[in-house]
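Protein chains in written order, with my numbering: chain A, 2 to 265; chain B, 55 to 402; chain C, 482 to 559. We treat Cβ as the ideally placed atom computed from N, Cα and C, and that holds for glycine. Everything below concerns the one structure shown next.
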């Protein structure tokens, strides 16, 4: 369990003079790292898991402090569900399947885009000096995965309320949702990182990411169709492995390529 | 320079051979296609590229069920070059208990070789109920000593017939697209490591021409599918995946256009290029295997498998791929030279 | 321009069967079977040829514009 202190260190890690100009919490134990000068405040870079957990905690805290943004996304999900319900009052299981994943897709894009757009350039420079880019992106991906899981559960719940819950194999559906959240999160986070500096960033992110997630989406729809008993397939583990393989490819690519994006 | 000439020469040869080499003789359909047990009927067989009047006796015709139960034809007569008439006596009993029995047609002759028509005739009991099984009458004949046609001809595939030649025109488009996208990714990697603007121009140029060949491939595929699969777009997984690939590269160009500073645009676009290629291309080849392997059947596998490509066809196919690739590289280099000149002019 | 004419061509090619009475909707009617569907191969080759030619024309136009720009620059500095 980390002890969180609102502090940063001047000069060498040996001294513990607190400086309250930092608005972010850091864990106390720094496992060796470089010190960099950022705008007159001396901070120590963190390495490894400390950085990761700190960044993750930062994302969650930031989100909690600006709850309206999170609430906006959740409201978006609920509104989409209601719109769909009003448009097609009786939803048969095959349609339910497709609609659920479409709602997930659009909500995910919005959620991930928002998390990149709200960061300003100065703060990014700050993080760039501090932590390994791999940890930055991993923290963002993890945070987005959790967010998408939340969105997925909410969508499932709301959809269940208005249109019934045809899920028969709950374990498989939960697995599908987890894999889907991970996959969407990786793809959208990376694309958002790429396109956040562009002119039309929100639309651009959607355009860039939809073709990339298309194969993943097809597999997800297929798996959830199996869990809804729309089709019988005892060899669905092949699909699960396929999704895991896609996720692995994507996360490897993200780790390799993100440092180049992070440079500015 | 030599490779441009060889591209043209290869393609000329491919056009000549690809269009002029005839297909093997084969069967197109047979009538009547449903008979009752115990019936005696004359089967009219239509062939394509056949020359039945010049066929060498004996012309043997069999109706086969699952390779084991064989009905041999009593008398075979050639009506004209493409029509053959064979008389059959169907036993009153079925070899296996069934109300409906599909039979494959086999015609063999020394000049034609062995020709097949799967599911040509169906033995259907009139009442619709299962007929007793007694297979003694079905085991009197045997399909053996089939001849092979040794001419230099192309495979005869039902429904496709001559359009099998598209193998030399439609399929290489995808190979060229793949090669060009691979080169584009390679130059993106070079650009990321060295920040060389020429590498970036090359990446964009290869991507553009790759996109061109991809679109040509998709459009020609739709034309071919329209006449063989029945509709230009049949939601086939390979069609979907390649359309997704094209969308990705279209998005690449939009990405390039949406940044204000050229260096940032080039770098971000290079990252997206690598991401898109490395994530999409394996998916194009992995996902169709999942879906087509779980949905076996005629429309599941749009690419001809190894058995359909006989040696003669491969002899023309590999040069075709090489020729089209060289042509694609030529066009891509033209495009790249153009964009480099453009940039040099802008700099001045 | 390129995309428009290709789409137009494609529409004509894919839907011409609708106004040819002897060819049924599936395209595997007697007309096609008689010719052994060599028409499809011809169509494919024509499409590829057309696509490549249109692209080369586009490149040619860009080159011409570039040459004009160079000439203008040349004239302005001399």
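Amino acids of chain A, ordered along the chain, whose beta-carbon sits closer than 7 Å to that of residue i
| i | result |
| --- | --- |
| residue 450(B) | Past the boundaries of the shown model lies residue 450(B); chain B is included only from 55 to 402, so the question cannot be answered. |
| residue 330(B) | 213 |
| residue 321(B) | 261 |
| residue 295(B) | 216 |
| residue 249(B) | Within chain A, no residue comes near residue 249(B); the closest Cβ sits about 10 Å away, beyond 7 Å. |
| residue 238(B) | Per Cβ cutoff of 7 Å: no residues; residue 238(B) is ~15 Å from chain A at best. |
DSSP bridge partner residues for residue i (one or two, in chain order)
| i | result |
| --- | --- |
| residue 156(B) | 176(B) |
| residue 168(B) | 162(B) |
| residue 141(B) | 96(B) |
| residue 116(B) | 126(B) and 160(B) |
| residue 88(B) | 176(B) |
| residue 131(B) | 139(B) |
| residue 81(B) | 101(B) |
| residue 187(B) | 148(B) |
| residue 208(B) | 77(B) |
Rounded Cβ spacing between residue i and residue j (contact assumed at less than 8 Å)
| i | j | result |
| --- | --- | --- |
| residue 152(A) | residue 74(A) | 7 Å |
| residue 245(B) | residue 320(B) | 6 Å |
| residue 113(B) | residue 163(B) | 5 Å |
| residue 220(B) | residue 525(C) | 5 Å |
| residue 265(B) | residue 237(B) | That pair is no contact at about 13 Å. |
| residue 84(B) | residue 155(B) | Incorrect: roughly 15 Å between the Cβ atoms, too far for contact. |
| residue 97(B) | residue 142(B) | 6 Å |
| residue 176(B) | residue 157(B) | 7 Å |
| residue 166(B) | residue 203(B) | 6 Å |
Beta-carbon neighbours of residue i, restricted to chain B and to distances below 9 Å
| i | result |
| --- | --- |
| residue 208(A) | 301, 304, 305, 308 and 309 |
| residue 205(A) | 305, 308, 309 and 312 |
Residue i at chain B interface by Cβ criterion, 9 Å
| i | result |
| --- | --- |
| residue 76(A) | no |
| residue 534(C) | no |
| residue 525(C) | yes |
| residue 521(C) | yes |
| residue 161(A) | no |
| residue 216(A) | yes |
| residue 200(A) | yes |
| residue 255(A) | yes |
| residue 245(A) | no |
| residue 186(A) | no |
| residue 219(A) | yes |
Chain C contact for residue i (CB, 9 Å cutoff)
| i | result |
| --- | --- |
| residue 219(B) | yes |
| residue 64(B) | no |
| residue 392(B) | yes |
| residue 227(B) | yes |
| residue 224(B) | yes |
| residue 367(B) | no |
| residue 371(B) | no |
| residue 399(B) | yes |
| residue 231(B) | no |
| residue 263(B) | yes |
| residue 73(B) | yes |
Interface flag, residue i vs chain A, CB-CB below 9 Å
| i | result |
| --- | --- |
| residue 318(B) | yes |
| residue 169(B) | no |
| residue 386(B) | no |
| residue 402(B) | no |
| residue 353(B) | Because the pLDDT of residue 353(B) is 36, which lies under 50, any placement of that residue in the model is unreliable, and the question is left without a value. |
| residue 235(B) | no |
| residue 153(B) | no |
| residue 252(B) | no |
| residue 312(B) | yes |
| residue 211(B) | no |
| residue 291(B) | yes |
| residue 358(B) | With a pLDDT of 48 at residue 358(B), under the threshold of 50, the modelled position of this residue cannot be trusted; read the value that follows with caution. By this cut-off, residue 358(B) is not an interface position. |
| residue 288(B) | no |
Under 8 Å from the C-beta of residue i: neighbouring residues of chain A
| i | result |
| --- | --- |
| residue 325(B) | 195, 258, 261 and 262 |
Interface residues of chain A facing residue i [CB-CB closer than 9 Å]
| i | result |
| --- | --- |
| residue 246(B) | 258 and 261 |
| residue 298(B) | 211, 212, 213, 215 and 216 |
Within chain C, partners of residue i - CB distance below 9 Å
| i | result |
| --- | --- |
| residue 216(B) | 516, 517, 518, 519, 520, 521 and 522 |
| residue 395(B) | 544, 547 and 551 |
Heavy atom of the ligand COA within 8 Å of residue i beta-carbon
| i | result |
| --- | --- |
| residue 65(A) | Of the ligands one can find in the structure shown there are none, so the ligand COA has no counterpart to examine. |
Under 7 Å from the C-beta of residue i: neighbouring residues of chain B
| i | result |
| --- | --- |
| residue 191(A) | 329 |
Proximal chain C residues relative to residue i, where beta-carbon distance stays under 7 Å
| i | result |
| --- | --- |
| residue 389(B) | 540 |
Would you list, in chain order, the members of the segment 271-282 of chain B that have their beta-carbon closer than 8 Å to a beta-carbon of chain C? Those residues of the segment 271-282 of chain B that come within reach of chain C (Cβ to Cβ, closer than 8 Å) are 273, 274, 276, 277, 278, 280, 281 and 282.
For the segment 92-109 of chain B, list every residue whose C-beta sits within 7 Å of some C-beta in chain C, in sequence order. The segment 92-109 of chain B vs chain C, Cβ under 7 Å: 102.
Short of 8 Å Cβ to Cβ, which residues in the segment 534-558 of chain C face chain B? 536, 537, 540, 543, 544, 547, 550, 551 and 554
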